[in-house]
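> These protein sequence lines map, in sequence, to chains B and X. 839 is the number of the first residue of the first sequence in our numbering; add one for each residue after it. 839 is the number of the first residue of the second sequence in our numbering; add one for each residue after it. Every residue, glycine too, gets a C-beta built ideally from N, C-alpha and C. Supplied in structure tokens, the structure appears directly below.
2 protein chains.
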Amino acid sequence: MIYFTPGPSQLYPTVAHHIQQALANDICAISHRSAAYKAMHQHSVEMLRALLQIPTTHQILFFASATEIWERLIQNCVSKQSVHFVNGAFSERFFAISQELQRPCSKIEAAWGEGFFFDAEVRRVLETHRTLDILNFTHNESSTGVMQPLSIVYEYAAANPTALISLDVVSSIPFAEVDFEKIDATYFSVQKGFGLPAGLGVLIASERVLEKAISLENQGISTGSYHRFSQMWKKATQFQTVETPNILGIYLLGKVAEDMLNKGIDKIRTETKEKAARIERFFHEKGNYSFYVKNKEFRSPTVLTIDTLRPSAESIAFFKQKGFVIGDGYERNKGKQIRIANFPTHQVAEIADLLGF
Amino acid sequence: MIYFTPGPSQLYPTVAHHIQQALANDICAISHRSAAYKAMHQHSVEMLRALLQIPTTHQILFFASATEIWERLIQNCVSKQSVHFVNGAFSERFFAISQELQRPCSKIEAAWGEGFFFDAEVRRVLETHRTLDILNFTHNESSTGVMQPLSIVYEYAAANPTALISLDVVSSIPFAEVDFEKIDATYFSVQKGFGLPAGLGVLIASERVLEKAISLENQGISTGSYHRFSQMWKKATQFQTVETPNILGIYLLGKVAEDMLNKGIDKIRTETKEKAARIERFFHEKGNYSFYVKNKEFRSPTVLTIDTLRPSAESIAFFKQKGFVIGDGYERNKGKQIRIANFPTHQVAEIADLLGF
């Protein structure tokens, strides 16, 4: 079976080898306070920095999941107002977390299958808030296959210079080419684009995020406990974590980032576009299918979401018989859509096999 | 190298094989909402229930670490008073988490190297609180090698029937034989006694824990977001988790629990005692060493803590040369002690090798 599901997905081809090496080198047995651990952690951070071109102003913090990062961002960064740009199940869930944490929050909505323009009406709504702690964007809504153009996110950032900007790149990284100078908190989990076992979330945070967290602490607002950004940041500068982390996960992330660096990030991004175009062309010619995201400017090349004329279970079963696992529509679109992940792990030849049956 | 460090420690001997199987069976690629995932999750839960004799009244919840469980217990269970029995670095850290979360808390202290008796003075202090939400005990203080007799914990439980009782068994499980009818929240991380890669915490919670969490929610107290016990419990009854979890970790826990069940938990516990007695005898005869925990009733068989007359670095280097990694003293005892883990992964023959140089 080859998994074309939008997360968890097929492991990156080198992962099995790296796990062997990890076992041979006792990576799981070393103390997280040892020099050996720190060297490993540093390697992972440096490979990720090199791959994604992360500036030294930004720190890399490790969590258990992107879901946890949602919680920690709100705890550490919001006292006055968190604004969520909501256009699908995952951006909606992040908004719900703000509510559950009882921090002031509001949402700006677009229909499922659509994204956000730099809209006068939206800007007017944003201006009604005296203080905006953070504007939260989802680069790639895994539930709908909408990829929000980053140029529009940057426009909102420029128009709101005192607000932090967060960006969910869970199902677009490492394809996503983020200008970190313009984004304060970019985050993802590793089981999608990096093709790693689930259980690790990564936050790339600017110094403004740290300053905000410290300012909340100084106001006596609880920013959590062991995963307060102020504590995590300190440890991160020493290539350590506060608690015993998912050591194997951090190791594997570094190794796969290194592999991707060796392959070339430009090549990975070009291949992603080519593979997406191939899949699009196939379903376009096929009939009985149409793309859910009508505006091509917002159509994701990493999660392709396709309306099926007949129940999606038929397509899913058909592909499964051929050895390919693809995703169903999400929540309200279950049974009416298929979703196909197009991550770096998915080889050109595999896409050809998927489409060539 | 064989790791006798008190966590992370040597992997359980079958782990490498199980990881191979996991990769061969695409465990890391399956969706956490699929039937295949649920069957895997159920197997892990059932093996753990069988191994530790966990009653059906108790639910098994998965977290990223025992550190996270500290935070979640306080968030979900404390509005009036959390009392911490503190006798080392880890019980102290749990207390600090209560403070950081700004929930009412206090501590009852014993000196490092000592444990708690069912003491009249302590009982008087407990009676000064109108409402006790939870009493927090550490079964095995990894920083000092004190194992608190469970009989005394049960006495405090019986004397405070309305309070929840929590028990940290991080470095004593599965040796610890817990009477779950008397303990509401038993928790551990998997990288110690289970010999698994770090990145998974397990909470065995009674229905009283769930009731307390719901009661706090009903009072409008924020109990967190995605890891609110009320949400986690619901998902757990369907053998699922709220977020994409550490799937490989949950799989491996089930497999190793099954292996331990096949070996026999009684045999594992008997061997642990025999191996501990052997290590004790060795250092007793050796001279230049003495046991840190003077009262034998409180001396841990799973983390043996030994004062060294000469700097501990010498002993650590000596053992390392022979292929064995042992632990240093913790924090204030660094340089003055060695700590040797005696977990199920540490085979009788390895202990003989360790001592037989």
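1) As a quick exercise: from X:G1092, X:K1093, X:D1166, X:G1033, pick the residue whose alpha carbon is nearest that of B:A867.
2) To the nearest angstrom, how far is it from the Cα of B:S847 to the Cα of B:K1050?
3) Terminal residues of the continuous alpha helix (DSSP H) containing X:C915?
4) Taking all protein chains shown into account, do 16 or more other C-beta atoms lie within 10 angstroms of the C-beta of X:F1013, making it buried, or fewer, making it exposed?
5) Provide the residue span of the beta strand (DSSP E) that contains X:F1212, from first to last.
6) Who are the Cβ neighbours of B:S944 in its own chain at under 6 Å, not counting the five residues just before and after it?
7) For a minimum of 3 consecutive residues, which ranges assigned as the beta strand (DSSP E) are wholly contained in the segment 952-1023 of chain B?
8) Please identify, using Cβ separations under 8 Å, the residues of the segment 1083-1108 of chain B that lie next to chain X, in order along the chain.
9) Can you find a CB in chain X that lies within less than 7 Å of the CB of B:C1201?
10) When you compare the CB positions of X:L1038 and X:G1092, do they come within less than 7 Å of one another, or not?
11) Are the segment 883-892 of chain B and the segment 1093-1100 of chain B in contact at 8 Å, needing three or more beta carbon pairs?
12) Can you name, in chain order, every residue of its own chain whose Cβ lies under 7 Å from the Cβ of X:A927, other than the five neighbours on each side?
13) Quick one: what does DSSP say X:G1087 is sitting in, helix, strand or coil?
14) Which value, in whole angstroms, describes the spacing of the CA atoms of B:E1188 and B:M878?
15) Answer yes or no: does any C-beta atom of chain X fall closer than 7 Å to that of B:A1155?
16) Are the C-beta atoms of B:A902 and some chain X residue less than 7 Å apart?
17) Less than 7 Å separating the beta-carbons of B:A904 and B:S1027?
18) Is the beta carbon of B:T1110 closer than 7 Å to that of B:P1083?
19) According to a CB-to-CB cut-off of less than 9 Å, which residues of the segment 995-1028 of chain B neighbour chain X?
20) Who are the Cβ neighbours of X:T1146 in its own chain at under 8 Å, not counting the five residues just before and after it?
21) CB B:A996 to CB B:A1023, shorter than 7 Å?
22) Give the DSSP-derived three-state secondary structure of B:L939 in the structure shown.
23) Hey, quick one: how far does the alpha helix (DSSP H) through B:L886 stretch, first residue to last?
24) Give, in chain order, every residue of the segment 1030-1052 of chain X whose Cβ lies closer than 7 Å to some Cβ of chain B.
25) Pull up the CB-CB distance for X:G1062 and X:Q913, whole angstroms please, since I reckon it's below 8 Å.
26) Give every residue of the same chain whose Cβ lies closer than 6 Å to the Cβ of X:R1107, excluding the five residues on either side of it in the sequence, and list them in chain order.
27) Is B:K1097 helix, strand or coil by DSSP?
28) At a CB-CB cut-off below 8 Å, which residues of chain X make contact with B:H870?
29) Count the other CB atoms, across all protein chains shown, that sit within 10 Å of the CB of B:P844; report buried if there are 16 or more and exposed otherwise.
30) Could you tell me the distance, in whole angstroms, from the CA atom of B:G983 to the CA atom of B:L1142?
31) Could you spell out the range, first to last residue, of the alpha helix (DSSP H) harbouring B:Q1069?
32) For B:G1165, count neighbouring C-beta atoms within 10 Å of its own C-beta (all shown protein chains included) and say buried if the count is 16 or more, exposed if not.
33) Just the Cα atoms here: how many angstroms apart are X:Y1064 and B:I898?
34) Decide if X:D1104 is buried, meaning its Cβ has at least 16 other Cβ atoms within 10 Å, or exposed.
35) Distance, Cα to Cα, X:L964 vs X:A958?
This is what the structure holds:
1) Locating residue 867 of chain B in the first sequence gives position 29, counting from the first residue. Distances from the CA of B:A867 to each of X:G1092, X:K1093, X:D1166, X:G1033 were compared; the closest alpha carbon is that of X:G1033.
2) The count along the first sequence starts at 1 and reaches residue 847 of chain B at position 9. The count along the first sequence starts at 1 and reaches residue 1050 of chain B at position 212. For B:S847 and B:K1050, the distance between alpha carbons rounds to 35 Å.
3) Your numbering for residue 915 of chain X matches position 77 in the second sequence. Residue range 904-915 is occupied by the alpha helix (DSSP H) that includes X:C915.
4) The sequence position of residue 1013 of chain X within the second sequence is 175, counting from 1. Burial check for X:F1013: the Cβ neighbour count within 10 Å reaches 16 or more, so the residue is buried.
5) No answer is possible for residue 1212 of chain X: it lies beyond the span of chain X, which begins at 839 and ends at 1195.
6) Position 106 of the first sequence, counted from the first residue, corresponds to residue 944 of chain B. V921.
7) The qualifying runs are 972-976, 1002-1006.
8) Within the segment 1083-1108 of chain B, the residues whose Cβ lies closer than 8 Å to some Cβ of chain X are P1083, N1084, I1085, L1086, G1087, listed in chain order.
9) Shown here, chain B extends from 839 to 1195; a query on residue 1201 of chain B therefore has no answer.
10) If you number the second sequence from 1, residue 1038 of chain X lands on position 200. If you number the second sequence from 1, residue 1092 of chain X lands on position 254. No, Cβ-Cβ distance for X:L1038 and X:G1092 is not below 7 Å.
11) Counting Cβ pairs under 8 Å, three or more are found: they touch.
12) By 1-based counting over the second sequence, the position of residue 927 of chain X is 89. So the list reads S981, Y1168, E1169, once near-sequence residues are dropped.
13) For this step, residue 1087 of chain X is matched to residue 249 along the second sequence. DSSP places X:G1087 in helix when its eight states are reduced to three.
14) The sequence position of residue 1188 of chain B within the first sequence is 350, counting from 1. The sequence position of residue 878 of chain B within the first sequence is 40, counting from 1. Going from the Cα of B:E1188 to the Cα of B:M878 covers about 32 Å.
15) Position 317 of the first sequence holds residue 1155 of chain B. Judged by the 7 Å Cβ criterion, B:A1155 is not in contact with chain X.
16) In the first sequence, the residue the question calls residue 902 of chain B occupies position 64. For B:A902, the nearest CB of chain X lies under 7 Å from its own CB, placing it at the interface with that chain.
17) Locating residue 904 of chain B in the first sequence gives position 66, counting from the first residue. Locating residue 1027 of chain B in the first sequence gives position 189, counting from the first residue. The answer is yes: Cβ separation under 7 Å.
18) Taking the first residue of the first sequence as position 1, residue 1083 of chain B is located at position 245. Taking the first residue of the first sequence as position 1, residue 1110 of chain B is located at position 272. Contact: no.
19) For the segment 995-1028 of chain B, which is checked against every Cβ of chain X, the residues closer than 9 Å are S1027.
20) On the second sequence, position 308 is the one that residue 1146 of chain X refers to. Counting only Cβ-Cβ distances below 8 Å, and skipping sequence neighbours, we find N1126, Y1127, E1152, S1153, K1174, Q1175, I1176.
21) Position 158 of the first sequence holds residue 996 of chain B. Position 185 of the first sequence holds residue 1023 of chain B. Taking 7 Å as the cut-off, the Cβ atoms of B:A996 and B:A1023 do not count as close.
22) Your numbering for residue 939 of chain B matches position 101 in the first sequence. Shown here, B:L939 sits in coil according to DSSP, grouped into three states, outside any helix or strand.
23) Indexing the first sequence from 1 puts residue 886 of chain B at position 48. Start and end: 873-890.
24) So the list reads P1035, A1036, G1037, given in the order they occur along the chain.
25) Here residue 1062 of chain X refers to the residue found at position 224 of the second sequence. Here residue 913 of chain X refers to the residue found at position 75 of the second sequence. Correct: roughly 5 Å between the Cβ atoms.
26) Taking the second sequence and counting its residues from 1, one reaches residue 1107 of chain X at position 269. Closer than 6 Å at Cβ, skipping near neighbours: F1013.
27) Counted from its first residue, the first sequence places residue 1097 of chain B at position 259. Lys is not the amino acid found at residue 1097 of chain B; the sequence shown has Asp there. Three-state DSSP puts B:D1097 in a helix.
28) Start at 1 with the first residue of the first sequence, and residue 870 of chain B comes out as number 32. Contact note: B:H870 reaches chain X through P846, A1036, using a C-beta cutoff of 8 Å and chain order.
29) Counting from one through the first sequence, the residue named residue 844 of chain B turns up at place 6. Per the 10 Å Cβ criterion, buried.
30) As a first step, residue 983 of chain B must be located in the first sequence, where it is residue number 145. As a first step, residue 1142 of chain B must be located in the first sequence, where it is residue number 304. In this structure, the alpha-carbon of B:G983 lies about 6 Å from that of B:L1142.
31) Numbered from 1 along the first sequence, position 231 holds the residue referred to as residue 1069 of chain B. Counting along the chain, the alpha helix (DSSP H) containing B:Q1069 begins and ends at 1067-1075.
32) Numbered from 1 along the first sequence, position 327 holds the residue referred to as residue 1165 of chain B. B:G1165 counts as buried, since no fewer than 16 other beta carbons sit within 10 angstroms of its beta carbon.
33) Residue numbering aside, residue 1064 of chain X sits at position 226 when the second sequence is read from its first letter. Residue numbering aside, residue 898 of chain B sits at position 60 when the first sequence is read from its first letter. Each residue's Cα considered, the two are about 23 Å apart.
34) For this step, residue 1104 of chain X is matched to residue 266 along the second sequence. Burial call: exposed.
35) Numbered from 1 along the second sequence, position 126 holds the residue referred to as residue 964 of chain X. Numbered from 1 along the second sequence, position 120 holds the residue referred to as residue 958 of chain X. Roughly 10 Å between the two C-alpha positions.
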